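Chemist: I'd like to ask some things about the structure below.
There are 4 protein chains.
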Amino acid sequence: MSKRNALPALLLLVSSLAPAQTKPRARDLGVPFDGAPGPLNAITDVKGVEVGHTTLISGSGKLKVGEGPVRTGVTAVFPRGKDSIDPVFGAWFTLNGNGEMTGTTWVEDSGFLDGPVMITNTHSVGVVRDAVIAWRVKKAPPDEDGYYWSLPVVAETYDGDLNDINGFHVKPEHVFHALDTAHGGPVEEGNVGGGTGMICNEFKGGIGTASRVLDAKDGGYTVGVLVQCNYGLRSQLRIAGVPVGREIPDHTVHDTDIGSIIIVVATDAPLIPTQLKRVVRRATLGLGRDGSFSGDGSGDIFIAFSTANAGAAGSKGVHDLKMLANEQLNPIFLGTVQAVEEAVINAMVAAETMTGINDRTVIALPHDKLREVLKKYNRLAK
Amino acid sequence: MSKRNALPALLLLVSSLAPAQTKPRARDLGVPFDGAPGPLNAITDVKGVEVGHTTLISGSGKLKVGEGPVRTGVTAVFPRGKDSIDPVFGAWFTLNGNGEMTGTTWVEDSGFLDGPVMITNTHSVGVVRDAVIAWRVKKAPPDEDGYYWSLPVVAETYDGDLNDINGFHVKPEHVFHALDTAHGGPVEEGNVGGGTGMICNEFKGGIGTASRVLDAKDGGYTVGVLVQCNYGLRSQLRIAGVPVGREIPDHTVHDTDIGSIIIVVATDAPLIPTQLKRVVRRATLGLGRDGSFSGDGSGDIFIAFSTANAGAAGSKGVHDLKMLANEQLNPIFLGTVQAVEEAVINAMVAAETMTGINDRTVIALPHDKLREVLKKYNRLAK
Amino acid sequence: MSKRNALPALLLLVSSLAPAQTKPRARDLGVPFDGAPGPLNAITDVKGVEVGHTTLISGSGKLKVGEGPVRTGVTAVFPRGKDSIDPVFGAWFTLNGNGEMTGTTWVEDSGFLDGPVMITNTHSVGVVRDAVIAWRVKKAPPDEDGYYWSLPVVAETYDGDLNDINGFHVKPEHVFHALDTAHGGPVEEGNVGGGTGMICNEFKGGIGTASRVLDAKDGGYTVGVLVQCNYGLRSQLRIAGVPVGREIPDHTVHDTDIGSIIIVVATDAPLIPTQLKRVVRRATLGLGRDGSFSGDGSGDIFIAFSTANAGAAGSKGVHDLKMLANEQLNPIFLGTVQAVEEAVINAMVAAETMTGINDRTVIALPHDKLREVLKKYNRLAK
Amino acid sequence: MSKRNALPALLLLVSSLAPAQTKPRARDLGVPFDGAPGPLNAITDVKGVEVGHTTLISGSGKLKVGEGPVRTGVTAVFPRGKDSIDPVFGAWFTLNGNGEMTGTTWVEDSGFLDGPVMITNTHSVGVVRDAVIAWRVKKAPPDEDGYYWSLPVVAETYDGDLNDINGFHVKPEHVFHALDTAHGGPVEEGNVGGGTGMICNEFKGGIGTASRVLDAKDGGYTVGVLVQCNYGLRSQLRIAGVPVGREIPDHTVHDTDIGSIIIVVATDAPLIPTQLKRVVRRATLGLGRDGSFSGDGSGDIFIAFSTANAGAAGSKGVHDLKMLANEQLNPIFLGTVQAVEEAVINAMVAAETMTGINDRTVIALPHDKLREVLKKYNRLAK
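In structure tokens, the structure reads:
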């Protein structure tokens, strides 16, 4: 780890090699999801995708702005891995716009996502954005005139209920750490990275992931999803169609829908931006299955990319592309809906009860109670 | 009825005063929907809204293009009733664009919906559009130079599985009839109007409606929804979260997701177009609850309007408007999601088994079987 | 010509083989446009593009609705010629939405334009739309179940100042004629087809066209533009930057900006829909050069397509595409702006003084006066 | 000035009270613009609007990343002045998306612009964004739970041709200074604020402004425009329709279109967001008059707001609004086009020749030569 990654004391580092998957996930608890997940049931089932987190947890007790308590972080999702500078085709969609995802104007117009997707808290979008540029400048030298261009994609949800958000605790070195430690394989879920201090359906939320693999006859493509989950009212929560939220009414924390969700959809299917725009819009349907009505305060912003068509962003001449026929998109649409539906639940299942600023506590979704409710509605899978 | 409404023999008229509601609706069968419906549980709970249908059913047996069998029609939804020419604020949204809704370019840019929303079959959009203009020209004289302007909103779904769609059986007089007979009160559902020949989740589909009334503390507003329902795969159908489709696997008709859904959302809440755009986008979440993944072949196109702010479209000077605060939108968002969720199920519950071209039959959702499945999953409400 | 094309007496047919180009065009009059036009300086310089017009002119004197006078028509633009059913990549844009272009919802979502672009008057969009479906049904048989799908693109501008627009004089046979007689080669301009009764900058307007050919080093691609021109105030008109409108203040006809412009942009450059969306948005910049401010009453709606990537709309498997690098788009952007700028002027130069309903007369742009004004401002090219 | 505004040595402060208007502006040089400007011919003619700049100029010679030379800054535009926290109705538009404007997702969905519009260089968007939040946190205390929300609007253009952009020289204190010194009255133009190091049509560019006042019969409203101007090829530049760029071919600096333009449109007309969206799109037409074709590398992003309807963003109940009739928008559309056309030229007229990194020099538009060219084309106004 280079000198710039020497992290300050307040960082409680969740090792990127931790056996994260020893924790049960939603389907381990018997939630009956549809469709076939990939080997990791994670966005990293899409070959090349790497995820890195920096998790910042320190202090306790009364909020003192600038001092803590700190419950925040930053997450990086690289479409082609941290060592590639080859953009991917991408597209984005806003279900409810009370949030930020920088860089999307150029994603929309160019059809390309250049660099990682970063997710952090609302008040740290700026520091993360500029740090991504700084990191890239260090990784790849500018041209002889010092010319360098960058429009990073940085999204956020609000963690000020648990975190000293106005203390601006995310620093450039935390961004560098998430970028430098991004990796394939299992993805840490729950109270990690940008998701550290998040709340979902009034349970502890955070990062969740899932994937689907299509049948060989449908091309055998993979769709992977990662969410930073911070939205929703308990009373609306459905899991696999079951009204779980209403059955576990304790320890709610909101009066109305508050918070947001950022959704990243990855696929290796050869989709052009027009098609990715259709894919990313389907994330809404997955949220619908989980009971969301997307409140006014939500920043429900989604981005999708395809790792196919390497090299398509080259600046010269005419490129050869592959494009899946529009009529073949249905399994990808369905896989996206299913993976979003599951990734949200995975986030809540993985997250652990957290106490943050002013001793405010948000409980984890109780696993045993979840199984009880599923059983009550004859939906317990195992 | 005027001379121009003398309808040809092929019209089997569903009387607009028929006791339509003697048929059970979804909640009569024990489907446990959330939220409080209005007195009619229909789009007409929004004061001023009127709905008219022309239903065309004739012939049977082998398709002979131009002769039948005919299973089609046209539906008219007037925001302020058929005698008003006062536009309403409106907004639209496309979940999947494999369909048509004319007039939306001006809805988008002006913020107004001028005239009724018409719904018919895919190949009759044109005749309906021009007939709406002709009807309006007759209703309200053009100015002294003969100047008249019109950009009607006409939407469609495809009924060619049951109907001789290339026979172009919808004629101007059928359009006039739907317009002239639009009325408040109970709304006919199922195999009526534009929904006559439609298929939904591989059961017989068609027209459905539902409404929600907000608490007095939330303003007491009403949200009403009407759908022309022609989308979906049986295997995906969820009713109140229960996997009903998978439990009733018989008599399916599609290999892949085919068809479309048109959704009309009405409210009396004082919303400006920017807000209606947010409302109409939520229709997707209601479809998500019902299990839709919005296939490539779907024309899933939605329009919303507010009956508040009468007179706002006047061409002179500065208008006084009312606007509900953005922070007060959540109950309207939730009511929209719930009413869409229910209207789709109402369409299937009301529709009856139909045999169309080439003796093809699409079965109705069996009511008793639905109750059985709900009971199996401990979700039968009564 | 088939029986269905036997046209009624009111049709004054402008022969599609008429020596249209014996009339001077804008650059023949010395207007100094930038860039290099193709051999025809027409949209048909893009290989495969065919244009057909039906022109309806009959009667004179006082308006009698349904009887005339008639000054209208319909124009068809086929991307790959009238005998191809292979869709092209396409994209559209609205500068001001007070108009109609049907079929665009599916263009937007699929990325394909399927069939011709039709242009007519405001009140005839419906008849043209359904007639295009009927024509296609006759050209290519439906499948064995009678299954057929169609979402035609039909645009309009308003000709009710000169034409008996509420007489609905465009009939299906006129649509068939425009489709059947579409051809490559020189394109008739001025008072023809959908442009017959149109007014532009308070001169007689109508159909105009122009093209640009890129340098070989930029790929040698062609950009072609066709406009149906019905917008603008005289006082705002600039030609090659010269305030021509203000210098020819006579015989104006509007109080405020009225009318619309439909713009079709064709290219053979291998552009994907995301790129065509950028191209089509540039049409606005061409209108800006001509002085438009796009008034509230305008339906300024544009569509672009690329004739490259034949076969990309096939419903099976994965397609091989070609895509020009984003960084190579500048010459295409510039060519589009230039060709739009010129096509509008060509429409006015070609159109001839017309007297329509109630003996209303709209004068043609006087060629000699135009030359005088250009000379006054030292901009006369020859 | 508070302690936090003590600026480092590298800041060469352009006094906010400097007699900026002693420099000639475009119309002082005889450029014949249309329409009636306000008293200042500036965005600040819209009552309440305040503009602040921080200009950073230091060093010379060879680029040494992190040390300079520095030619950059930041500009703040407050719709209701720096002491108001009352949002305004707003809307945005992208002509070409190769740039950044944060906060627009919520502008789009809420219809409100909350806080100032900030403009800086591409690599400083992040620091400016977070600093705006920090500044607001200090200005208005968060609620008792420390809850605070912010989605600042920060835009950029690229100044790396003259500035050490990878040195990240804009610091939070520079942002605070621009915010704290924002003022009404004359607006500094040219090499100031975010525009310090910008290039326009290969002349020195930067900040420009202009306004139009409508006739009393049209409501007497004011439209004001401010641009940060960094786009364009010399060969395309038109001034008042005259091909000025081609007539002054010396000292060009680009091979292709490079750079961007940010446009801010302010008005006191009572427009709702739907209408502002139409206004902001018209900025394109103003650029069209100046000859832009909006190259691939451009970030041409525009935002508009209305200072009417104070208090409309309040979170409770129903608000009373005023809305100008759509049919009355034409003078506002035209005024916007004219003010954009002029503001761009004002930026070039005000900017002075600058030498930046590696001794690269960009020349100012020569005033005498401009007059000569206007005269040649008989367009010199005085």
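Same order as they appear, the protein sequences are chains B, R, L and Z.
Okay, so the first sequence: first residue is 554 according to my numbering, each after it adds one.
Okay, so the second sequence: first residue is 554 according to my numbering, each after it adds one.
Okay, so the third sequence: first residue is 554 according to my numbering, each after it adds one.
Okay, so the fourth sequence: first residue is 554 according to my numbering, each after it adds one.
We put the CB at the ideal spot given by N, CA and C, even for glycine.
Since this is a predicted model, take the numbers as computed values, not measurements.
1) I want to know whether the stretch 819 to 833 of chain B touches the stretch 826 to 843 of chain R - three or more CB-CB distances under 8 Å.
2) In chain order, what residues of the same chain lie with their CB nearer than 8 Å to the CB of Thr906 (chain L), ignoring the 5 residues before and after it?
3) Hey, does Glu661 (chain Z) have any beta-carbon neighbour from chain B nearer than 8 Å?
4) Taking all protein chains shown into account, decide if Asn719 (chain Z) is buried (16 or more other Cβ within 10 angstroms of its Cβ) or exposed.
5) Would you list the residues sitting across from Gln781 (chain R) in a DSSP beta bridge?
6) Chain R partners of Glu880 (chain B), CB-CB under 9 Å?
7) Three-state secondary structure (DSSP) at Val599 (chain B)?
8) Would you please verify whether the beta carbon of Ala650 (chain L) is less than 8 Å from any beta carbon of chain R?
9) Can you confirm whether Gly965 (chain L), when its beta carbon is compared against all beta carbons of chain Z, has any partner nearer than 8 Å?
10) Between which residues of its own chain and Gly850 (chain B) is the CB-CB distance below 6 Å, once the five residues before and five after are set aside?
11) Does any C-beta atom of chain B lie closer than 8 Å to the C-beta of Val871 (chain L)?
12) Got a sec: which bits of the stretch 671 to 696 of chain Z sit with their beta carbon under 8 Å from any beta carbon on chain B, in order along the chain?
13) Please list the terminal residues of the continuous beta strand (DSSP E) segment that includes Glu709 (chain L).
14) Figure out for me which residue from B:Lys929, B:Thr710 and B:Ala863 has the closest Cα to the Cα of Val641 (chain B).
15) Have a look at Phe646 (chain Z) and Leu666 (chain B) and give me their C-alpha separation to the nearest angstrom.
16) Please compile the residues from chain C whose C-beta is within a distance smaller than 8 Å of the C-beta of Thr647 (chain L).
17) Between which two residues does the alpha helix (DSSP H) holding Ile792 (chain R) run?
18) For Leu838 (chain R), which option in R:Asp662, R:Ile825 and R:Phe886 has the closest C-alpha, if you only look at C-alpha atoms?
19) Given that Arg835 (chain B) touches chain R, what residues does it touch there, using C-beta distances under 8 Å?
20) Drop a sphere of 10 angstroms on the beta-carbon of Ala687 (chain L), count the other beta-carbons inside from all chains shown, and report buried for 16 or more, exposed for fewer.
21) Under 8 Å between C-beta atoms, does Val719 (chain Z) make it to chain B?
22) Between Ile814 (chain L) and chain R, is the shortest Cβ-Cβ distance under 8 Å, so that the two count as touching?
23) Using C-beta distances below 6 Å, list every residue in its chain close to Val940 (chain Z), excluding the 5 sequence neighbours before and after it, in chain order.
24) Would you grab the beta carbon distance between Val678 (chain L) and Glu661 (chain L) for me? Rounded to a whole angstrom, and I think it's under 8 Å.
25) Quick check: Ile752 (chain B) and Asp714 (chain B), are their CB atoms within less than 8 Å of each other?
26) If Ala630 (chain R) and Val602 (chain R) are in contact, beta carbons under 8 Å, what's the gap, nearest whole angstrom?
27) From the DSSP secondary-structure annotation, give me the bridge partner or partners of Met907 (chain L).
28) Following the continuous alpha helix (DSSP H) through Leu829 (chain L), name the residue where it begins and the one where it ends.
29) Which value, in whole angstroms, describes the spacing of the CA atoms of Glu697 (chain L) and Ile910 (chain R)?
30) Shorter than 8 Å from the beta carbon of Thr820 (chain R) to some beta carbon of chain Z?
31) Using only the alpha-carbon positions, how far apart do Gly643 (chain L) and Gly664 (chain L) sit?
32) To the nearest angstrom, how far is it from the Cα of Met901 (chain R) to the Cα of Val780 (chain R)?
33) At the 8 Å Cβ level, is Ser868 (chain B) part of the contact set with chain L, yes or no?
34) Anything in chain R within Cβ reach of Val776 (chain B), meaning under 8 Å, just list it in chain order.
35) Can you give me the C-alpha to C-alpha distance between Gly607 (chain Z) and Glu709 (chain Z), rounded to a whole angstrom?
36) Of all Cβ atoms in chain B, is any one closer than 8 Å to the Cβ of Met751 (chain Z)?
Modeler: Let's see:
1) In this structure the stretch 819 to 833 of chain B does not touch the stretch 826 to 843 of chain R; the number of beta carbon pairs closer than 8 Å is below three.
2) So the qualifying residues of the chain are Lys757, Thr914, Val915, Ile916 and Ala917.
3) It does: the Cβ of Glu661 (chain Z) has a partner Cβ on chain B nearer than 8 Å.
4) So Asn719 (chain Z) ends up on the buried side.
5) As DSSP reads the structure, Gln781 (chain R) sits in a beta bridge with R:Ile760 and R:Ile815.
6) Here the neighbours are Thr809, Asp849 and Gly850.
7) In the structure shown, the three-state DSSP call for Val599 (chain B) is coil.
8) Note on identity: in this sequence residue 650 (chain L) is Gly, with Ala being the wrong assignment. For Gly650 (chain L), the answer is yes, since a Cβ of chain R falls inside 8 Å of its Cβ.
9) This structure leaves residue 965 (chain L) out entirely; chain L is present only between 554 and 935.
10) Cβ within range, chain order: Asn651 and Ile811.
11) Output row for Val871 (chain L): interface = yes.
12) Listed by position along the chain: Thr675, His676, Ser677, Val678, Gly679, Val680, Val681, Arg682, Asp683, Ala684, Ile686, Ala687, Val690 and Pro695.
13) Judged by DSSP secondary structure, Glu709 (chain L) falls within the beta strand (DSSP E) whose first and last residues are Val706 to Thr710.
14) Check the Cα spacing between Val641 (chain B) and each of B:Lys929, B:Thr710 and B:Ala863: the tightest is with B:Ala863.
15) Cα to Cα, the separation comes out at about 20 Å.
16) Here chain C cannot be found, since the structure's protein chains are B, R, L and Z.
17) Counting along the chain, Ile792 (chain R) falls outside any alpha helix (DSSP H), and DSSP gives it neither H nor E.
18) Looking only at R:Asp662, R:Ile825 and R:Phe886, the smallest Cα-Cα distance to Leu838 (chain R) is reached by R:Phe886.
19) Chain R residues near Arg835 (chain B): Phe846 and Ser847.
20) Under this definition Ala687 (chain L) is a buried residue.
21) A small correction: the amino acid at residue 719 (chain Z) is Asn; Val does not occupy that position in the sequence shown. So yes, Asn719 (chain Z) belongs to the interface.
22) Taking Cβ atoms only, chain R never reaches closer than 8 Å to Ile814 (chain L), which makes this a no.
23) The requested residue 940 (chain Z) is not part of the displayed model; chain Z covers only 554 to 935.
24) Rounded to whole angstroms, the Cβ separation of Val678 (chain L) and Glu661 (chain L) is 18 Å, and the two are not in contact under 8 Å.
25) With contacts defined by Cβ atoms closer than 8 Å, Ile752 (chain B) and Asp714 (chain B) form a contacting pair.
26) Looking at the sequence provided, one finds Val at residue 630 (chain R) rather than Ala. In this structure Val630 (chain R) touches Val602 (chain R) by the C-beta definition: roughly 7 Å separates them, less than 8 Å.
27) Its beta-bridge partners are L:Val915.
28) Pro826 to Arg834 is the span of the alpha helix (DSSP H), which, as asked, contains Leu829 (chain L).
29) Because Glu697 (chain L) carries a pLDDT of 49, less than 50, the predicted location of this residue cannot be relied on, and the following value inherits that uncertainty. Cα-Cα distance, rounded: 12 Å.
30) Residue-level contact by beta carbon fails for Thr820 (chain R) and chain Z, as no gap is shorter than 8 Å.
31) Approximately 6 Å between the Cα atoms of the pair.
32) Those two C-alpha atoms are separated by around 11 Å.
33) Yes, Ser868 (chain B) counts as interfacial toward chain L.
34) Near Val776 (chain B) there are no residues of chain R at all, since even the closest Cβ is about 12 Å away, more than 8 Å.
35) Position check: residue 607 (chain Z) holds Thr in this sequence, whereas Gly was assumed. Approximately 14 Å, taken between the alpha carbons.
36) No, Met751 (chain Z) lies away from the interface with chain B (no Cβ there is under 8 Å from its Cβ).
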